[in-house]
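Below you'll find the structure, written out as structure tokens, and then a few comments.
Residue numbers (my numbering): 236 to 895.
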């Protein structure tokens, strides 16, 4: 890819001769804009079919700023040479033959038949449209000469411009988004920094607020459901005696207006029964799982305490981010080089739909000597795309898949390395008998060194398994996109089932891998052994796993929403100039939602990065806790390593006296 690819093909516009506009150290270095000889041809249907406008396209330094036709300029070139010199800059390079007949010039397309006031848009010259008293105009004119003896309306130019816009619409949005990023990037970074500080603050406060937040939420849910039960009963009692309220849902049948069902007592009775059932289930779960919930909350607090002793772990996601950024950069650059591999391919562009040579490849050097121009008047040999017929070009899609697979493998390996490193650091905290005195020096760096030196193969193997499943999911998504228009119901059903199964498989493998990496960090065994031991250990504590998982997920999700929502609201008020103090500092944007969404998504990802450390800490401590319970009994010979708070919740006998 790096040998054959050329990223300039997506950076610079390409003229009809396959040359880049604005490329440095070339003849077009100062000609950065693409000019269409006859933009009216861009309204042809072939624009959408071949993604090319069937007219000569040249690189120019600036767009025309006046109306002019070649016939008028040629007739007056002797006594008005300034007009000729101005018009000539939009002709083919080197053309300076005003005595050449108009018919030959237009046949050979040495010069455009006309020029119109234009302005650059996406590095291309487009008519300078404006509206005057509700009428579309170009330079305050509603008509123009097309240089071929006809007077046209500017609405024809609008149709032609729309033809190009249909092709460039996606690139237009992309360029505007890029411009918005270019002028607002530092404000985005400030927003992400605020998100980082809020995430750190939330994690620090979790040590003191984890239990409070959870119980407030639980009792809030119980209270809301209780109010719902009371309201349903009130509605049920209020409708008593009202004509028609005693009808059943079966009596009135299906109704599109949902309000009809709210006039029935049976509806409110059903709501009340459902809410009562939910309320009873929640209360019973709290009664029977109260001890496990207390353990989960204690582990969350213990996790916050562990992070407090090993603060460097909070910044390890930066290492993971850098590694993933390198993987993404390598994948993206390689994908661009693959996509831009190939030589310029030229094709015959003809306005006549019956031209048998249309869309065939051609050679621009010899095109005018062939009989194609005679059989298909107005046809041109223009640049179409980059490609080739070699074995390499035929299998570029396969290479893109291979590139995607390597990308997935490397990203999963970077994530696995981070999980194993963090697990090793937090495990060293748990298995320290006297905390924090027995915590080893530099636990994070020691764990990282062990992971790199001893566990690289295990991490790569786990990442490989996950990458294979993810690649299959990517292929299934691609097939689903390609088969969206098919009417075969069985194919769609089968594809949907496969996507669902592999989604579940990926989730399961991520769960197994995560816990396998924790066991690898603790015991140093290989991947398969660690995965098996972790799985059976979790199965022996499945209820605790479920409770801890849901409690942790809820608190961390709440934190992510608070961070992303808070920073998002602040960013919205800033980018919409609703904060008077910073109103003058707000950059002028094409789409204010571009930096806004970036800040919101970025804040969520920043919070996710910090909270993932916390989640890894809790998961590691939980596995260590389960191992501690199974291997030790609290005696002097086998003392527990858990904290005093966890020990009190379990109601075990007192901890053994700690060794001096």
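A virtual CB, placed ideally from N, CA and C, is assigned to each residue, including glycine.
Distance from the CA of residue 584 to the CA of residue 593, rounded to the nearest whole angstrom, comes to 6 Å. Annotation: the continuous alpha helix (DSSP H) that includes residue 520 extends over 500-523. For residue 814, there is no enclosing beta strand (DSSP E), as DSSP marks it with neither H nor E. In the structure shown, the three-state DSSP call for residue 293 is strand.
Between the region 496-516 and the region 456-476 there are three or more inter-stretch CB-CB distances shorter than 8 Å, so the stretches are counted as touching. Residue 454 sits exposed, since fewer than 16 C-beta atoms from the chains shown fall within 10 Å of its C-beta. Ranked by Cα distance from residue 696, the first of 652, 708, 710 and 724 is 652. DSSP lists 269 and 356 as the bridge partner or partners of residue 359. Around the CB of residue 564, fewer than 16 other CB atoms lie within 10 Å, so the residue is classed as exposed. Residues 798 of the same chain have their beta carbon placed closer than 6 Å to that of residue 433, with the five preceding and five following residues left out of the count.
When the beta-carbon positions are compared, residue 378 and residue 388 come within less than 7 Å of each other. Note on geometry: alpha-carbon atoms of residue 875 and residue 690 lie some 28 Å from one another. The beta carbons of residue 752 and residue 654 sit closer together than 7 Å.
Bridge partners of residue 373 according to DSSP: 364 and 376.
If you compare the alpha carbons of 365, 333 and 844 with that of residue 306, the shortest gap goes to 333.
Assignment of residue 601 by DSSP, reduced to helix, strand and coil, places it in the coil class. Here residue 856 is buried. Its C-beta has 16 or more other C-beta atoms within 10 Å. By the CB criterion at 7 Å, residue 348 and residue 383 fall inside the cutoff.
Setting aside the 5 residues that flank it on each side, residue 309 is surrounded in the same chain by 333, each with a C-beta closer than 6 Å to its C-beta; the list follows chain order.
Within the same chain, no residue comes within 6 Å of residue 521 by CB-CB distance, once the 5 residues on both sides are set aside. Residue 296 is positioned such that its CB atom lies closer than 7 Å to that of residue 266. With fewer than 16 other CB atoms across the displayed protein chains lying within 10 angstroms of its CB, residue 365 is exposed. 7 Å or more divides the Cβ of residue 737 from the Cβ of residue 700.
Buried is the label assigned to residue 795, since at least 16 other Cβ atoms lie within 10 Å of its Cβ. Within a 10 Å sphere around the beta-carbon of residue 376 sit fewer than 16 other beta-carbons, which makes this residue exposed. Annotated three-state conformation of residue 593 is coil, per DSSP. In the DSSP annotation of this structure, the continuous segment of the alpha helix (DSSP H) that includes residue 342 starts and ends at 337-343. A contact is defined here as three or more CB-CB pairs under 8 Å, and the region 421-441 meets this definition with respect to the region 802-816. Taking all protein chains in view, the Cβ of residue 774 is surrounded by fewer than 16 other Cβ atoms within 10 Å, so the residue is classified as exposed. The beta carbons of residue 539 and residue 442 sit about 4 Å from each other, so the pair counts as a contact at 8 Å.
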